[in-house]
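For the sequence shown, the residue numbers in mature numbering (1 follows the signal peptide of the UniProt record, and there is no 0) are -28 to -1, 1 to 327. Beta carbons are placed, not taken as given, at the ideal position from N, Cα and C, and that holds for glycine. Structure, as structure tokens:
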Amino acid sequence: RSRTRSRGTMTWVLPLLQILATVWPGRAIVDTCDVCGRHPLVPGPGSSVRVVGGIDAHPGAWPWIVSLQLPTITGHKHTCGGSLITARWVLTAAHCFGNKRNLPHWRAVLGASKLSSLGSEVHVRYIKQVVVQEDYQPGVELNDIALMELDQPVMCSSYIQPACLPDSTVRVPALAVCYISGWGASREHGRPQAGEHGEPARVNYEHGARVNRFPVAQCNSSGWYGGAIREHQLCAGYEEGGVDSCQGDSGGPLMCREEASQPYWVVGVTSWGQGCGRAHRPGVYTATQSFYAWMKGWAGPMPQPPPTPKHVASTAAHPARALSSAARPFCTTFPRQARPQKAQPPGSTAPEAPS
């Protein structure tokens, strides 16, 4: 009898949740985080909302974006970006942690667009553990990728959704429309933004930019990075500079989709670069596809993308459109270092027990 009653209850609970998601999106639960890459709050085709070269992001534009924050005397301060990949795990960069202490007091802020004023739609979680990829090489920043397990799982909503990660079946070169987004500085020597009750910040909103992804051979050419880009790395930005990642957004996502379809895939984790918005010095990202098995080994089964519609227009709704690259730089905390030296490719990416 109890099973029959449960089925009957679910027949009206699910439609009710769908109605709540429409009329009360800040609180309504859209799903249980088992579908990735969705944008419940993204306006439809024809909207003028843009997320480009330093322009503020529409709330919910990139619902998997996470702000990782350090404890301070007055509260918390944004230090790195990340991407929600399951209800309990966040993807970020290994170099974000370095020699930092008090990791149990770090926090992850999800569902926010304005860090200085966290609304009711925002979830705040603390860190249960950090798993750094075992072949990470500081300094040269090879295999610069890490996972954070949250102390409690999040409930996905219109503002919080998991990102899609490309496994071996996804043709990453075909994902030509790319964006970056986060709360970093907007110029090369700027400061990352403050969190709630942290020190004052000039800009509190998430902002982002469309970028071009370049072939590694081009990034490694003379006058660019001259061979510094290694295996399992991507580069993206503009040849003439002007739009890039900068201080405060290491660990944040490089998100790409096909020209005429959804969803977006997080193909890269912001890792390093030379300066911010400089010509021939695009941002360098750790390629997530190379570490899919490692991530799945820790985080478990990954959410899957929604079914592909039978007819997808080339103007499919997306949360950002390109503007001139003359827009102010969108800038990520890069390890300040000399050109990385040659290093051996990583070994096995099978998960190991954390120390």
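Between ALA271 and TRP36, the gap from beta carbon to beta carbon reaches 8 Å or more. The three-state secondary structure of HIS95, taken from DSSP, is strand. DSSP places LYS49 within a strand segment (E or B) once states are collapsed to three.
Taking 8 Å as the cut-off, the beta carbon of PRO225 is found closer than this to the beta carbon of ALA135.
Distance from the CA atom of GLU203 to the CA atom of VAL102, rounded to whole angstroms, is 24 Å. By the CB criterion at 8 Å, LEU56 and ILE132 fall inside the cutoff. Measuring C-alpha to C-alpha distances from LYS86 to each of TRP155, LEU122, SER243, GLN124 identifies TRP155 as the nearest. Taking C-beta atoms as the reference points, ALA208 and PRO254 count as a pair closer than 8 Å. Contact annotation: GLY245 and LEU206 have beta-carbon atoms that are not nearer than 8 Å. THR258 counts as buried, since at least 16 other C-beta atoms from the protein chains shown sit within 10 angstroms of its C-beta. For the pair of segments examined, the stretch 142 to 152 was found to touch the stretch 182 to 193: the number of CB pairs separated by less than 8 Å reaches three.
Around the beta-carbon of ASP107, 16 or more other beta-carbon atoms lie within 10 Å, marking it buried. Within its own chain, the residues whose Cβ lies closer than 8 Å to the Cβ of GLU230, once the five positions on either side in sequence are excluded, are ALA146, LEU147, ALA148, VAL149, listed in chain order.
Secondary-structure assignment with DSSP links ARG253 through no beta bridge to anything.
In the three-state scheme derived from DSSP, where H, G and I count as helix and E and B as strand, SER140 is classed as coil. Proximity to GLU211 across ASN192, ASN71, ALA65, SER222 peaks at ASN192, based on C-alpha coordinates. The beta carbons of LEU40 and CYS8 sit no closer together than 8 Å. CA-to-CA, the gap between VAL96 and SER194 works out to about 45 Å. In this structure, VAL81 and LEU75 do not form a Cβ contact; the two beta carbons are roughly 16 Å apart against a cut-off of 8 Å. GLY269 and LYS100 have their C-alpha atoms roughly 17 Å apart.
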